Amino acid sequence: MEKFDLIVIGGGPAGYAAAMRGIDFGKRVCLIEMDKVGGAGVYNGALSSKTLWELSNRVADVNEMIVSKGRTKFELSWEDVKKNLAEAIFERKFQYSAHIKLLQTETMQKLLHYERGHGYLLSKNEVRITHEDEEKIIWGENIILATGSRPRRMPEFDVDEKVILTSDGIDNIEDYPKSLVIVGAGVIGCEYATIFSNFGRTKVYIIDRQERILPFEDADISRLISTNLIEHGVVIHSNAKLERLEKIDGEVEYELSYPDGSREVIRVEKALLSIGRQPNIENLGLENAGVSLSKRGVHIGDEDTRTNVPNIYAVGDVSGRIALVNMGEIEARHAVEKAFGNKPELLNYDNICTIMFLNPEVASVGFNEQQCVQQSIPIKVVKIDYSLITRAIAMRKTQGFFKIIVTNDNEMRILGMRVVGAHASTAIQAVGLLIKLNMPIEVLSELIHPHPSIVEGIQECVRMLLNRSIFKSSVFKDKLACYSLVDGVKTPLERL
0 MEKFDLIVIG GGPAGYAAAM RGIDFGKRVC LIEMDKVGGA GVYNGALSSK TLWELSNRVA
60 DVNEMIVSKG RTKFELSWED VKKNLAEAIF ERKFQYSAHI KLLQTETMQK LLHYERGHGY
120 LLSKNEVRIT HEDEEKIIWG ENIILATGSR PRRMPEFDVD EKVILTSDGI DNIEDYPKSL
180 VIVGAGVIGC EYATIFSNFG RTKVYIIDRQ ERILPFEDAD ISRLISTNLI EHGVVIHSNA
240 KLERLEKIDG EVEYELSYPD GSREVIRVEK ALLSIGRQPN IENLGLENAG VSLSKRGVHI
300 GDEDTRTNVP NIYAVGDVSG RIALVNMGEI EARHAVEKAF GNKPELLNYD NICTIMFLNP
360 EVASVGFNEQ QCVQQSIPIK VVKIDYSLIT RAIAMRKTQG FFKIIVTNDN EMRILGMRVV
420 GAHASTAIQA VGLLIKLNMP IEVLSELIHP HPSIVEGIQE CVRMLLNRSI FKSSVFKDKL
480 ACYSLVDGVK TPLERL
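When the count follows numbering that gives the first Met the number 0, it moves up by one through the sequence shown with no breaks and lands on 495 for the last residue.
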């Protein structure tokens, strides 16, 4: 029986990161993947959806300029969309495959061993690999489970990935649907609504069970994104209960009910289920190794990436924590460092930087206002409108704002930040670092930011908190805001 220091089951972003970190420690690693290296980070997930978003944004930007001048709307064929999508996926796929192949040359072949097949735990150290009609059993001192997740389905709906789709099937459609209903108004649902409404070839509907989309974010963010979706022709069914969704004559008919007792029936060409993802924990042999499920019922990996079995770890989507590529990679690296580096520090989930690819994009780190109110944390909040930022003016993209949340004391340590607007994703790293280091806002006020850049909005927010801002909130009251929130009560802060 072949023996390894580390066996990684799953070759998505988390599993791949774990294998590479194991090599860093000079350990002998076996990476097992049953389908495609890269997982949902490349296929039917992050890379593919963001490629679609980038393309759709370009189409929307072009049309915003030319249609106002009376010119015919530009349209990108779905064939061209698919070609761009295939090229992006191939580029990343080639990088993975070439990397693995080169790592298994004479220099590294003693460390990395790649197996194609299905990994199944026979015990806490033994893993059976099945590929086609062949089987083999290997032994590992440590095992990392990184089997990812899949789109959550609703058993009452006949998901065929042709008419009723999940994110696994939406990339494979043959043309723009004339109409599309999206079930779920969370991040993924709103991203796909943005994509298809940007292309301008599809009538989009969103079914939202709650009063507003993106309910986990502050109302000002939800309101701006909702307004833009509606302006792009999206119909948002708020406070709607989905009573029925079925295929009829090759299309989809759905029925909604509302709190006032009213109902409506709508027929569309296709439906997209966007109701979250579920971890791939079936058929792993968890019971053979003694790995138990967590308090949350269906997830594993409660103890800082380590399961209840000391040598077995769970990272990425299967851990049941935060289903993001960057967090999966960090968890994976952390697990390897715990296994071989005796790392004592616990993972910190307080300064996670995230992006929502909407219109406009939304970037976040740390707490938002409503989380602070829910947890009774006294805070100060400062906002600056994009229309006062030179780079946004130059780009002719002045819709959006910066919002920084700090402690309601003299130290004013940063608890979180939200950026809504162009280049939002480039503006959050410095604040994420300050949250991690627990440093005061003066550090940001003294930095020399590049000019013109979107991140200058951060500096002006901080200066406003310190009463040193260039533009005075007493003059631009509709563009600048500074207030405290204590026990849910909002009080304007006196600023020049």
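Glycine included, C-beta positions come from ideal geometry on N, C-alpha and C.
The model shown is predicted, which means the values in this text are computed figures rather than measured ones.
Member of the options whose CA lies at the smallest distance from the CA of residue i
i: K72; options: V234, R200, Y348, V381; result: R200
i: L292; options: M0, G319, S221; result: G319
i: G365; options: V80, R462, I434, K342; result: I434
i: E455; options: I392, I376, S225, Q374; result: I392
i: S468; options: E441, E328, K489; result: E441
i: I229; options: A45, C189, E328; result: C189
i: P154; options: A85, V324, L244; result: L244
i: L272; options: L492, F93, I163; result: I163
i: V36; options: L51, A16, R20; result: A16
i: R494; options: I413, R390, V381, R412; result: V381
i: I403; options: I329, R390, V418; result: V418
i: G118; options: I6, G44, K81, L223; result: I6
i: P214; options: G185, S472, E242, K240; result: G185
i: S187; options: Q370, Q94, G275; result: For clarity, residue 187 is Ile in the given sequence; the question names Ser instead. Per the Cα distances, G275.
i: L443; options: C460, L479, D219, A362; result: C460
i: G139; options: E263, K2, F24; result: K2
i: I220; options: N341, L479, E410, S363; result: S363
i: I329; options: R20, A97, V474, M0; result: R20
i: E242; options: D4, V182, E53, R332; result: V182
i: T423; options: P377, N409, T353, K471; result: In the sequence as displayed, the identity of residue 423 is Ala instead of Thr. Considering only alpha carbons, the answer is T353.
Burial state of residue i, where buried means 16 or more other Cβ atoms lie within 10 Å
i: G296; result: Note on G296: pLDDT 42, under 50, position unreliable in the model; no value is reported.
i: G249; result: exposed
i: N141; result: buried
i: Y385; result: buried
i: L464; result: buried
i: M326; result: buried
i: F356; result: buried
i: L120; result: buried
i: Y348; result: exposed
i: K337; result: buried
i: I311; result: buried
i: T304; result: buried
i: F500; result: Any answer about residue 500 is impossible in this case: the structure gives the chain only from 0 up to 495.
Spatial neighbours of residue i in its chain, beta-carbon cut-off 6 Å, leaving aside the 5 residues before and after
i: I351; result: none
i: N358; result: T193, N227
i: V203; result: L179, A192, F195, S196, V233
i: G420; result: P359, Y385, G399
i: Q374; result: none
i: N307; result: S291
i: A45; result: V324
i: E254; result: E242, R243, V264
Same chain, Cβ closer than 7 Å to residue i, five either side skipped, listed in chain order
i: N62; result: K72, F73, G199
i: E302; result: none
i: T490; result: Y482, S483
i: W77; result: D174, Y175
i: Y42; result: K35, I88
i: L84; result: S47, T50, L51, D170
i: N287; result: L120, L121, S122
i: P512; result: Residue coverage of the chain in this structure runs from 0 to 495, which leaves residue 512 outside it and unanswerable.
i: M411; result: K379, V405, P439, I440, L464
i: R151; result: I274, G275, R276, Q277
i: K246; result: D157, V162, I163
i: Q369; result: D217
8 Å Cβ shell around residue i - same chain, five flanking residues per side excluded
i: K109; result: R27
i: G487; result: V372
i: I22; result: V28, L102, M107, L110, L111
i: L446; result: A429, Q458
i: E134; result: R127, I128
i: L492; result: K379, C481, Y482, S483
i: L346; result: D303, T304, I329, E330, H333
- Query: Do three or more CB pairs link the region 230 to 239 to the region 137 to 157 at distances below 8 Å?
  - Reply: no
- Item | contact_flag[the region 394 to 401, the region 431 to 445] where n(CB pairs < 8 Å) is 3 or more | no
- Three CB pairs or more closer than 8 Å across the region 108 to 127 and the region 17 to 36: yes
- Query: Do the region 307 to 318 and the region 12 to 19 make contact, defined as three or more Cβ pairs closer than 8 Å?
  - Reply: With a cut-off of 8 Å, the region 12 to 19 and the region 307 to 318 count as touching, because enough Cβ pairs lie within range.
- Three or more beta-carbon pairs under 8 Å between the region 45 to 63 and the region 204 to 214, yes or no? No, because fewer than three Cβ pairs between the region 45 to 63 and the region 204 to 214 fall closer than 8 Å, the two stretches do not touch.
- Task: Could you name each continuous beta strand (DSSP E) segment of 3 residues or more that falls completely within the region 255 to 294, going from the start of the chain to the end?
- Result: 262 to 267, 269 to 272, 276 to 278
- How about the region 164 to 172 and the region 251 to 259: do they share at least three Cβ pairs that are nearer than 8 Å? Between the region 164 to 172 and the region 251 to 259, the count of Cβ pairs shorter than 8 Å is below three; the stretches do not touch.
- Task: Scan the region 346 to 383 and note each continuous alpha helix (DSSP H) run of 4 residues or more that stays entirely inside, going in chain order.
- Result: If we require 4 residues or more, the alpha helix (DSSP H) runs fully inside the region 346 to 383 come out as 368 to 373.
- Just list the beta strand (DSSP E) runs in the region 100 to 142, keeping only unbroken ones of 3 residues or longer that don't cross its boundaries, in chain order. 111 to 115, 117 to 120, 125 to 130
- Would you mind listing the beta strand (DSSP E) stretches within the region 139 to 189 that are 3+ residues and don't spill past its ends, in chain order? 148 to 150, 178 to 182
- Task: With a floor of 4 residues, list each alpha helix (DSSP H) that falls wholly inside the region 374 to 430, ordered by position along the chain.
- Result: 389 to 394
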